[in-house]
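First comes the structure, then the notes that go with it.
There are 2 protein chains.
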Amino acid sequence: MSGPIKEYIKHYTLTAPECSPQAIMPLTLLAGRVIETATYHANDLGIGYARLLADGKAWVLSRLSIEMRRWPSVSEEYTLRTWIEGFNRHFSERNFEITGLDDEVLGHARSIWMAIDIKERQGGDLSMLDALRDTVCDRPCPMEKTRRFSPVGDTADYESRYRFRYCDCDFNRHVNTLRYIELIQNRWDMDFYDSHRVSRFDIAFMHEAKCAQEAMLLIRDDGDDNYSAEITIDGEAVSRARMAFTDYEYKQL
Amino acid sequence: MSGPIKEYIKHYTLTAPECSPQAIMPLTLLAGRVIETATYHANDLGIGYARLLADGKAWVLSRLSIEMRRWPSVSEEYTLRTWIEGFNRHFSERNFEITGLDDEVLGHARSIWMAIDIKERQGGDLSMLDALRDTVCDRPCPMEKTRRFSPVGDTADYESRYRFRYCDCDFNRHVNTLRYIELIQNRWDMDFYDSHRVSRFDIAFMHEAKCAQEAMLLIRDDGDDNYSAEITIDGEAVSRARMAFTDYEYKQL
Chain A
1 MSGPIKEYIK
11 HYTLTAPECS
21 PQAIMPLTLL
31 AGRVIETATY
41 HANDLGIGYA
51 RLLADGKAWV
61 LSRLSIEMRR
71 WPSVSEEYTL
81 RTWIEGFNRH
91 FSERNFEITG
101 LDDEVLGHAR
111 SIWMAIDIKE
121 RQGGDLSMLD
131 ALRDTVCDRP
141 CPMEKTRRFS
151 PVGDTADYES
161 RYRFRYCDCD
171 FNRHVNTLRY
181 IELIQNRWDM
191 DFYDSHRVSR
201 FDIAFMHEAK
211 CAQEAMLLIR
221 DDGDDNYSAE
231 ITIDGEAVSR
241 ARMAFTDYEY
251 KQL
Chain B
1 MSGPIKEYIK
11 HYTLTAPECS
21 PQAIMPLTLL
31 AGRVIETATY
41 HANDLGIGYA
51 RLLADGKAWV
61 LSRLSIEMRR
71 WPSVSEEYTL
81 RTWIEGFNRH
91 FSERNFEITG
101 LDDEVLGHAR
111 SIWMAIDIKE
121 RQGGDLSMLD
131 ALRDTVCDRP
141 CPMEKTRRFS
151 PVGDTADYES
161 RYRFRYCDCD
171 FNRHVNTLRY
181 IELIQNRWDM
191 DFYDSHRVSR
201 FDIAFMHEAK
211 CAQEAMLLIR
221 DDGDDNYSAE
231 ITIDGEAVSR
241 ARMAFTDYEY
251 KQL
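Residue numbers (UniProt numbering), protein chains in the order written: chain A, 1 to 253; chain B, 1 to 253.
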């Protein structure tokens, strides 16, 4: 035995049907790949879905930050590498590096995971995983940690309503991470994405949203292509996020 | 050289984050896997995205039918096998078999693909692929072919409106197959899916829908858990579908 696999690596190729209308990787796909590789690694380490279920718990993503220098384009190969930066009885910090050919670093991601008690719907204690402290890896993650999120509320300059439906919900029977991201991304139109790409995205999940609940999306323009977002239900924030864009020129293939 | 790979096979494991709220594979994920394995096989055969782009064309899904005896459940391994039943200058017919452990047949899918001329937005001629006639495979697909779709229009007993947004659109810069499927599936609530699962799904794409267009979803109850669906824009059908359900009992894990 060589001990736990501290770094989990998976190779992908970006297919045409997966691409955004700009023929590059969509933010939601990368967020999905981050969740997927975290899942594979946790399963390999014996701390995955099956292990937590034995204690009536399930993993839930609490915070996610993604910072990309360049997004993979159609048919491009890319690699995700994930490792655990640290954990305690309340949460686990897991980082990611996204590389292209010749180990070109395309970007990084940081994530914070908590356990939810399936029946009580409250944060679950992770201390049963304490024996896994030697999975912690000292590989650096050269992106800034997720900063605090400021409320949007009355300072919003854009708002829209959306009722969560069946396909917005996942295994944990609450609204899926990727749907929150889509809801925020949909604030902008096709022309905007033809001239802007996401450079950094941060999101925090504060309360569960359920099927059939009506949400309000609030967005504030913070200037210089930075935006703050808040999703509320009955006036209470369930999620807060930040989007940062940089200039981009879509060229028709 | 052993000639073209007539059957393309890919193995998957259903992860927890991919599951539906009923802890089984969602219809949209299977549709995505069907499109993905078709893409991998076409790329291997040299008739994929890159080949069509050389002629200013792109593959678009025209019809899809899925019939499932049983859906994979969380952490279950499953395999997709795809092969070409036939093609001509207008379209290509590609079939799929979904199996579980010990080659248990879980279901099948049938698909019809056309080429779209990227600039003209019209059906493109596929006769440049004619040399590939020896990729056609005589493996049988024991599911009924896609039957004609009947209009819903005035016979609808359910309707709702939806405006397509940025994240509903894909590489071809039109509304994505999976979004049409979700839009239809969202007609039913969580309780319904706790007691019903999809047994067969058929869809035909008739016209392109674009970002920012407002669609009307029309559904008709045809009895015995069979439903017809139509998505219209300005009164014109852009897609027609059928859903068939069978009884299911969701048991909380």
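Quick reminder that beta carbons are idealized off the backbone N, C-alpha and C, glycines included.
- Selection A:SER111, A:ALA50, A:CYS167 evaluated against B:MET190 yields A:CYS167 as nearest (Cα-Cα).
- Taking all protein chains in view, the Cβ of B:VAL105 is surrounded by fewer than 16 other Cβ atoms within 10 Å, so the residue is classified as exposed.
- Think of a sphere of 9 Å around the beta carbon of A:PRO21: the chain B residues whose beta carbon falls inside it are TYR166, CYS169, ASP170, PHE171, ASN172, ARG173, HIS174, CYS211, in chain order.
- For the 8 Å CB-CB criterion, A:ILE203 and A:ALA215 do not form a contact.
- No Cβ of chain A is located within less than 8 Å of the beta carbon of B:THR155.
- Given a length threshold of 3 residues, each whole run of the beta strand (DSSP E) inside the region 57-124 of chain A is given here in chain order: 57-68, 77-87, 92-99, 105-117.
- Excluding sequence positions up to five before and after A:LYS119, its CB lies within less than 8 Å of the CB of GLY56, all in the same chain and listed in chain order.
- In the displayed model, A:ASN176 falls within coil according to three-state DSSP, outside both helix and strand.
- Look at the UniProt domain "Acyl-ACP thioesterase-like C-terminal" (156-244) of chain B and you find these whole runs of alpha helix (DSSP H), each 4 residues long or longer: 177-185, 190-195.
- Residues of chain A with a Cβ closer than 8 Å to the Cβ of B:TRP188 are, in chain order, TYR166.
- Taking a Cβ-Cβ cut-off of 9 Å, the neighbours of B:SER75 in chain A comprise ASN43, GLY48, TYR49, ALA50, given in sequence order.
- Sorting B:SER239, B:PHE149, B:ALA209 by C-alpha distance to the C-alpha of B:ILE184 places B:SER239 at the top.
- Residue-level contact check: B:GLN122 does not touch chain A, since none of the beta carbons of chain A fall below 8 Å from its beta carbon.
- When Cβ-Cβ separations below 8 Å define contact, B:ILE84 makes no contact with chain A.
- Residue pairing by DSSP leaves A:VAL34 without any beta bridge partner.
- The beta carbon of A:ARG63 sits closer than 6 Å to the beta carbons of ILE112, THR146, ALA204 from its chain, once the five residues preceding and following it are set aside; these are given in chain order.
- Chain-order list of chain A residues neighbouring B:TYR227: empty, with the shortest C-beta distance near 14 Å, by a criterion of under 8 Å.
- Interface with chain B (8 Å Cβ-Cβ cutoff): A:LEU30 is excluded.
- Residue pairing for B:LYS10: DSSP places it in a beta bridge opposite B:LEU80.
- Against chain A, a Cβ distance below 7 Å from B:ILE35 picks out PRO17.
- At a cut-off of 8 Å between beta carbons, B:GLU214 makes no contact with chain A.
- Annotated three-state conformation of A:ASP130 is helix, per DSSP.
- The Cβ atoms of A:ALA209 and A:PHE171 lie no closer than 8 Å to each other.
- Using a Cβ-Cβ cut-off of 8 Å, A:LEU126 does not count as an interface residue toward chain B, since no Cβ of chain B sits closer than that to its own.
- Only residues of its own chain outside the window of five on either side were considered, and among them MET206, GLU230 have a CB closer than 6 Å to the CB of B:ALA237, listed in chain order.
- Residue burial is scored here from C-beta neighbours: B:THR246 has fewer than 16 other C-beta atoms within 10 angstroms and is therefore classed as exposed.
- Chain-order list of chain A residues neighbouring B:TYR193: TYR166, by C-beta distance under 7 Å.
- Bounds of any alpha helix (DSSP H) do not take in A:ARG148, whose DSSP letter is neither H nor E.
- A Cβ-Cβ distance of about 7 Å is found for the pair A:THR39 and B:ALA16, placing them in contact under the 8 Å criterion.
- Taking 8 Å as the cut-off, the Cβ atoms of B:ASP134 and B:GLY124 do not count as close.
- Just so you know, the alpha carbons of A:GLN122 and A:ALA212 end up roughly 21 Å apart.
- Its chain contains THR37, TYR40, HIS41, ASP44, ARG81, THR82, TRP83 as the residues whose beta carbon lies nearer than 8 Å to that of A:TYR8, once the 5 sequence neighbours on both sides are disregarded; these appear in chain order.
- B:LEU126 has its alpha-carbon roughly 51 Å from the corresponding atom of A:ARG51.
- Residue range 49-53 is occupied by the alpha helix (DSSP H) that includes A:ALA50.
- Contact between B:GLU77 and B:THR28 is absent: CB atoms are separated by about 20 Å, not below the 8 Å threshold.
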